[in-house]
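Down below is the structure, laid out as structure tokens.
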Amino acid sequence: MHRSTIWDQMKLPVVAIVWLISMIVLVIGTYNAISISTYSIFAVIAILFFIGSDRLAFFFYIILTVGTVFALLVIAFRDNWSPLDQGLAIVLHFLFLVHLFALYSLSKYVYQFRSENYFLKERILHLEGFITEEGVLPRKEFEKQAAFILATMARRNETGYFVQIDLSELPRMTKRTALSLVGSILHTESRQHFDIVGKTGEFKLTILLQNTDVDGVSVVKGRIEKKLKETFQENVLEKIEWTATRVEGQTALPEGVMS
Numbered sequence: 000m001h002r003s004t005i006w007d008q009m010k011l012p013v014v015a016i017v018w019l020i021s022m023i024v025l026v027i028g029t030y031n032a033i034s035i036s037t038y039s040i041f042a043v044i045a046i047l048f049f050i051g052s053d054r055l056a057f058f059f060y061i062i063l064t065v066g067t068v069f070a071l072l073v074i075a076f077r078d079n080w081s082p083l084d085q086g087l088a089i090v091l092h093f094l095f096l097v098h099l100f101a102l103y104s105l106s107k108y109v110y111q112f113r114s115e116n117y118f119l120k121e122r123i124l125h126l127e128g129f130i131t132e133e134g135v136l137p138r139k140e141f142e143k144q145a146a147f148i149l150a151t152m153a154r155r156n157e158t159g160y161f162v163q164i165d166l167s168e169l170p171r172m173t174k175r176t177a178l179s180l181v182g183s184i185l186h187t188e189s190r191q192h193f194d195i196v197g198k199t200g201e202f203k204l205t206i207l208l209q210n211t212d213v214d215g216v217s218v219v220k221g222r223i224e225k226k227l228k229e230t231f232q233e234n235v236l237e238k239i240e241w242t243a244t245r246v247e248g249q250t251a252l253p254e255g256v257m258s
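See below:
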């Protein structure tokens, strides 16, 4: 287990060193036989290996391996190479194959790291259930938690409210910033560990206020409006739309809340 861990840590730098050394030896061995511009092929090959998926990189590896073998055979027969030339070509081609394999391995590790990073990022978002540091839940997480809360409220015969704030009418240049600021205010001014705040549209935020009545909604709305007035100018506040939807005995999200 320990040896496996060490190799996992070392394989990428080892493959990179093999790739670099094989390229240097190939350049030295062919420097007097081909033009300098021809070495741009190495850059093209490297690009081919990294532009697609792991399967596409393997396809390029097979095509280049088989293709160069046939190309050398054709040239050898056409130019009637001597045994010395054939031996030199075999050695250089072997180095080229080592170079290709190292390049394919590098691309494979890069794809692997990319996939692992994407998986870990998605996993972290799923576990944390947050899309921003303001504590605003993403749509799916909000739906999941809201469904659970509604089911609990229905069993207890409690009343609640969905309060949605629509920022769609704000100027385009300020929407993103306003969304973050309003999300922070909603999370701060709602009841911690009791109410939930979610991003339910591109520029819409929704609070689920559980076990509350009209007066409770007014209190929460008043606190939020006070903070908004301290943060935004009057012309911005006029374009923020509020919608309150009462829920009582429902176990599913009301129509229109998640639009």
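Here numbering that gives the first Met the number 0 is used: position 227 in the sequence shown is 226, and no number is missing along the way.
C-beta atoms are modelled at their ideal positions from N, C-alpha and C, and glycine is treated no differently.
- prompt: Is V73 helix, strand or coil by DSSP?
  reply: In this structure, V73 counts as helix in the three-state DSSP scheme.
message: Tell me the DSSP secondary structure of P253 in three-state form.
response: Three-state DSSP puts P253 in coil, outside helix and strand.
message: Measuring alpha carbon to alpha carbon, tell me which residue in A45, A146, I239, F93 is nearest S104.
response: Closest by alpha carbon: A45.
Straight-line Cα distance separating V13 from D194: Rounded to whole angstroms, D194 to V13 spans 53 Å at the Cα level.
Beta-carbon gap between K225 and F202 smaller than 8 Å: Not in contact: K225 and F202 (Cβ atoms no closer than 8 Å).
task: Mark F48 as exposed unless 16 or more other C-beta atoms lie within 10 angstroms of its C-beta, in which case mark it buried.
output: Classification of F48: buried, given that the 10 Å Cβ count is 16 or more.
query: Where L19 and F57 are concerned, what is the direct C-alpha to C-alpha distance, given to the nearest angstrom?
result: Straight-line Cα distance between these residues: approximately 20 Å.
- prompt: What are the start and end residues of the beta strand (DSSP E) that includes E240?
  reply: It spans 240-247 - the beta strand (DSSP E) in which E240 sits, taken as one unbroken run.
message: Using only the alpha-carbon positions, how far apart do L25 and L72 sit?
response: The straight-line gap from Cα to Cα measures roughly 19 Å.
query: Smallest Cα separation from T96: which of W80, M22, L136?
result: In the sequence on display, residue 96 carries Leu and not Thr. Distance from the Cα of L96 is smallest, within the candidate group W80, M22, L136, for M22.
Three-way DSSP call (helix, strand, coil) for I195 in this model: The three-state reading of DSSP puts I195 in strand, counting E and B together.
- request: Would you kindly work out how many angstroms separate the C-alpha atoms of A269 and I50, rounded to a whole number?
  value: Residue 269 lies beyond the residue range present for the chain, which begins at 0 and ends at 258; the question has no answer from this structure.
query: In angstroms, rounded to a whole number, what distance separates the CA positions of L236 and T176?
result: Roughly 14 Å separates the two Cα atoms.
message: With a threshold of 8 Å between beta carbons, is L87 in contact with chain C?
response: Annotation note: the requested chain C is absent from the structure, which comprises a single protein chain.
- prompt: Whose C-alpha, out of R77, V68, A101, G215, is nearest the C-alpha of Y160?
  reply: Looking at the Cα atoms, G215 is the closest of the given residues.
- request: With DSSP as the reference, label I206 as helix, strand or coil.
  value: Correct three-state label for I206: strand.
- request: Tell me where the beta strand (DSSP E) around I46 begins and ends.
  value: For I46, there is no enclosing beta strand (DSSP E); the residue is part of the alpha helix (DSSP H) that begins and ends at 39-49.
- request: Using DSSP bridges, identify the partner residues of D212.
  value: DSSP, once it has assigned bridges, lists no residue as partnering D212.
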